[in-house]
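All remarks here apply to the structure that follows.
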Amino acid sequence: LVSRKSHKEDTVIVLPGDIAIGGLSSVMVAGPCSVESEQQTRTVAAALQKAGIKVMRGGAFKPRTSPYDFQGLGMDGLRILREAADEYGLLTISEIVDPAHLEPALDYVDIIQIGARNMQNFELLKAAGELNKPVLLKRGLAATMEEFLHAAEYIMSRGNTQVMLIERGIRTYEKWTRNTLDISAVPILKQESHLPVLVDVTHSTGRKDILIPCAKAALAAGADGIMVEVHPDPATALSDAAQQLNIEEFNTFFSEVKASGLFR
Ligand code: PEP
Ligand code: MN
Numbered sequence: 095l096v097s098r099k100s101h102k103e104d105t106v107i108v109l110p111g112d113i114a115i116g117g118l119s120s121v122m123v124a125g126p127c128s129v130e131s132e133q134q135t136r137t138v139a140a141a142l143q144k145a146g147i148k149v150m151r152g153g154a155f156k157p158r159t160s161p162y163d164f165q166g167l168g169m170d171g172l173r174i175l176r177e178a179a180d181e182y183g184l185l186t187i188s189e190i191v192d193p194a195h196l197e198p199a200l201d202y203v204d205i206i207q208i209g210a211r212n213m214q215n216f217e218l219l220k221a222a223g224e225l226n227k228p229v230l231l232k233r234g235l236a237a238t239m240e241e242f243l244h245a246a247e248y249i250m251s252r253g254n255t256q257v258m259l260i261e262r263g264i265r266t267y268e269k270w271t272r273n274t275l276d277i278s279a280v281p282i283l284k285q286e287s288h289l290p291v292l293v294d295v296t297h298s299t300g301r302k303d304i305l306i307p308c309a310k311a312a313l314a315a316g317a318d319g320i321m322v323e324v325h326p327d328p329a330t331a332l333s334d335a336a337q338q339l340n341i342e343e344f345n346t347f348f349s350e351v352k353a354s355g356l357f358r
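Numbered as in full-length UniProt numbering, the sequence shown ends at 358 without a single skipped number.
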């Protein structure tokens, strides 16, 4: 079902308000790593609306490496994200890690995110496959293209064909980036499948200083969109403090990406 062989045309995911992902226009998905408070979320939402962004991200269920780190606000976080997004006319995307939270999340998110650590959580994939809701599937930390596409197939095989893929970097020996952005994944996924392909420049690099060239490279390679993390005061962020852009940095980032002519 994911294969380009059985489905020649690019799949376009149509979201409420006729916002499309895939096809002719590029999408910029932006927002904080974690939803931390109403104030923080509304500040980002206001800035995104001003910049012309349509889809806001914000984690409520955070898959943290350490159990002692901030775990996210859970359902409260989803509510805060929805309220801020509604106030500023944005769509929402947030990660769900537990199949039991998929149904309750439907009222709050326009796109369900399945994170890198759960790319092969097959029960979660199957449950997401039962929904009538777009799913953004992140590439696993060490997943091959074949494994990534099989994971998407799990969702689609249950009936949910609204699937988007996102390259978010893979683990290599390199230490100067948080992960290694596998730019070759973009043309391979576009060739092999008909699904929209995005690139998360924040988690793949973990470095604010190279986001612009990486986003341009992703778009030049054929990506349908970019994901980037934005926080009003990154130094105080409860997760990923080192890698989130502040609002001014985000505005510069987005302007530069648009100025390249690669953002359609
Ligand atoms: C995220 O996007 O919030 C996230 C945790 O990313 P990943 O699953 O790619 O690590
Ligand atoms: Mn993050």
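A virtual CB, placed ideally from N, CA and C, is assigned to each residue, including glycine.
Give a yes or no on whether the C-beta atoms belonging to residue i and residue j are separated by under 8 Å.
i	j	result
residue 408	Pro126	Residue 408 is absent from the model: the chain starts at 95 and stops at 358.
Arg151	Val121	no
Val295	Ala279	no
Leu332	Glu130	yes
Gln143	Leu109	no
Arg233	Ile264	yes
Met258	Pro290	yes
Phe347	Ile306	yes
Ile277	Ala315	yes
Gln256	Arg301	no
Val138	Val324	yes
Ile282	Met239	yes
Phe164	His195	no
Can you name, in chain order, every residue of its own chain whose Cβ lies under 7 Å from the Cβ of residue i, other than the five neighbours on each side?
i	result
Arg176	Thr186, Tyr202
Asn345	Ala145
residue 359	Only positions 95 to 358 of the chain appear in the structure, and residue 359 is not among them; the question remains open.
Lys317	According to the sequence provided, residue 317 is Ala. The question's Lys does not apply to it. Excluding sequence neighbours, Ala317 sits near Val280, Val291, Leu292, Val293.
Ala335	Pro328, Ala329
Tell me whether residue i counts as near the ligand FAD, meaning its Cβ is closer than 7 Å to at least one heavy atom of that ligand.
i	result
Gly209	Among the ligands modelled here, namely the ligand PEP and the ligand MN, the ligand FAD does not occur.
How far does the beta strand (DSSP E) with residue i in it reach, from first residue to last?
i	result
Ser188	185-189
Ile113	113-115
His124	Correcting the residue identity first, residue 124 is Ala in this sequence and not His. Per DSSP, Ala124 belongs to the beta strand (DSSP E) from 121-125.
Arg151	149-151
Val108	107-109
Val257	257-261
Glu323	319-323
Which residues mark the beginning and the end of the alpha helix (DSSP H) in which residue i is found?
i	result
Asp180	169-181
Ala311	305-314
Lys352	341-353
Leu243	239-251
Leu225	Careful: Leu225 lies outside any alpha helix (DSSP H) and carries neither H nor E.
Ile282	279-286
Gln134	132-145
Leu196	196-199
To which residues of the same chain is residue i closer than 6 Å at the C-beta, ignoring the five residues directly before and after it?
i	result
Asn340	Pro328
Ile205	Ile187, Pro228, Leu230
Ile174	Val129, Glu132, Thr135
Ala210	Lys232, Gly234, Leu235, Arg262
Tell me which residues share the same chain as residue i and place their Cβ nearer than 8 Å to its Cβ, disregarding the 5 neighbours each side in the sequence.
i	result
Glu217	Pro193
Asn254	Ala222, Gly223, Glu224, Leu225, Asn226, Lys227, Val229
Ile287	The sequence shown places Ser at residue 287, rather than the Ile named in the question. Closer than 8 Å at Cβ, skipping near neighbours: Val96, Ser97, Arg98, Leu243, Ala246, Leu259.
Val351	Met122, Ile306, Ala309, Lys310, Leu313, Ile320, Phe357
Leu118	Arg358
- Query: Using the beta carbon as the reference atom, which residues fall closer than 5 Å to any heavy atom of the ligand MN, ordered along the chain?
  - Reply: Per the Cβ criterion, the list is Cys127, Asp334.
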